[in-house]
Amino acid sequence: MKDAVFDGQKISVKEVPIPKLGDSQVLIQIKASGICGTDIAIVKGDLPTSTPIILGHEFAGEVIEVGKKIDS
1 MKDAVFDGQK ISVKEVPIPK LGDSQVLIQI KASGICGTDI AIVKGDLPTS TPIILGHEFA
61 GEVIEVGKKI DS
């Protein structure tokens with residue numbers, strides 16, 4: 001899968017492995033993602049955070065897999 005990753009200096013699109021699904025998690029295939037004020041503040045240095053960090057936490061998508069403990 002591809003992620004927009006901020007390394008503290010620049011943003012780059014990187015290919016990363018699909019995470020292993022936990023029993024109480026869902027896997028969502030992202031169809032659209034936005035860059036919001038939080039992402040901009042992180043990149044500008046106004047909101048200190050550890051890096052690297054994946055940007056675009058506001059998204060829409062489709063659930064494609066569910067963990068063993070998910071029933072609905």
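Residues in the sequence shown are numbered from 1 upward in steps of one, following the UniProt record's numbering. Even glycine gets a Cβ: it sits at the ideal position worked out from N, Cα and C. A quick note: this is a predicted structure, and the numbers were derived from the prediction, not measured.
- Taking 3 residues as the shortest admissible run, the region 27-59 contains no complete beta strand (DSSP E) segment at all.
- With respect to residue 6, residue 55 sits close: the two C-beta atoms are nearer than 8 Å.
- About 5 Å separates the Cβ atoms of residue 61 and residue 31, confirming a contact at the 8 Å cut-off.
- For residue 13, the enclosing beta strand (DSSP E) begins and ends at 11-15.
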